[in-house]
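The working numbering applies: residue 14 is where the sequence shown begins, and numbers increase by one.
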Amino acid sequence: MRAMVDLDAYFARIGYSGPREATLDVLKALHARHPAAIPFEAIDCLLDRGVDISPGAVDAKLIHARRGGYCFEHNSLFRRVLEALGFEVKGLAARVRWNMAPDVPAQPRTHMVLRVVAEGQTYIVDVGFGGCVLTAPLRLEAEVEQATAHDRYRLTPVGEDLRLEVLREPGWVPAYDISLSPCVPRDYEMANWFTSTHPTSHFRHNLLAARTTPEARYGLLFNQLTVRPLNGPVEKTTLDADGVEAALRDVFGLPVEPDWRPMIEAAVR
């Protein structure tokens, strides 16, 4: 039985008032608005709160509490929205390669991705990958460059997987390797438990947040705020604790809580 989602509340959260049909135009519109409205963040991991990816918990956090989340929260919510609209959706898993040296051993599949069918064409959809998040669906076609508003991407075969690569200043940079075998909910429960609690998970040690609007990508790592405008040079600013708190609130739209302050000060140190 599929978990329901309050479409009215979700659409209000992302500022969408368009058609509610399973069309490619609707998929593109939702895919662009979601990462602009709901930030990527993993603050609960730093606060030892854990991450509950049950539908009720995700909706309470990302929609009603106006928090952000990471891939299992973002993409599970987006999946339920798309299914409620009539799209055919399968959940996939990927091995993250972003910011890793080429010789680093293969990581566990701890990233959630969606495979969506729209108007007879199959797409890769992902609204939960931080500062490199897709802002449009990508056709599930290998060795084809695909442009979005913010970046160019391609899918390259790597064994039985497809590697998502993004074109940045150094050239083609690997983001993650996607397994095309569909996942079951328990796969995500296990991966989420590892990602949110294991001592080697980078979400347990790094303060980070990301938001992608039509104008720019915004990223926070510890106390460094990076702005990557759609047209213009990359800007980097080092913040003090008050600046980090202001950025979380004003740039990423998060409802900063008083008990976040020690975590923020630790990130600055």
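All C-beta atoms in this analysis are idealised placements derived from N, C-alpha and C, irrespective of residue type, glycine included.
With at least 16 other beta carbons inside 10 angstroms of its own, V129 counts as buried. If the five residues before and after S209 are omitted, its C-beta is found closer than 7 Å to the C-beta atoms of C58, G63, V64 and F216, all from its own chain and listed in chain order. With at least 16 other beta carbons inside 10 angstroms of its own, M125 counts as buried. Taking the C-beta atoms as reference points, D72 is found no nearer than 8 Å to D21. Annotated three-state conformation of S89 is helix, per DSSP. For R79, the CB contacts under 8 Å within the same chain, skipping 5 residues up- and downstream, are R26, G266, L267 and P268 in chain order. In this structure, DSSP gives R80 a state outside helix and strand, which the three-state scheme calls coil. Within the same chain, A107, R108, V109, R110, W111, H124, V126, F142, R176 and L177 come within 8 Å of Y189 by CB-CB distance, once the 5 residues on both sides are set aside. Taking C-beta separations shorter than 6 Å and ignoring five residues to either side along the sequence, G256 has no partners in its chain. No residue range can be given for L267, since it is assigned to no alpha helix (DSSP H) and is classified by DSSP as neither H nor E. For V171, the number of other beta carbons within 10 angstroms of its own is below 16, and it is reported as exposed. Inter-residue distance for P68 and P271 is about 27 Å (C-alpha atoms, whole angstroms). Secondary-structure assignment with DSSP links T250 through a beta bridge to L238. Annotation: the segment 153-183 contains the following complete segments of the beta strand (DSSP E) (minimum length 3 residues), in chain order: 165-171 and 174-181. Shown here, V138 sits in a strand according to DSSP, grouped into three states. Taking all protein chains in view, the Cβ of P48 is crowded by 16 or more other Cβ atoms within 10 Å, so the residue is classified as buried. In the structure shown, M276 adopts helical secondary structure according to DSSP, grouped into three states.
The segment 90-126 contains no complete alpha helix (DSSP H) run of 4 or more residues. Where A223 is concerned, the enclosing beta strand (DSSP E) starts and stops at L221 to T225.
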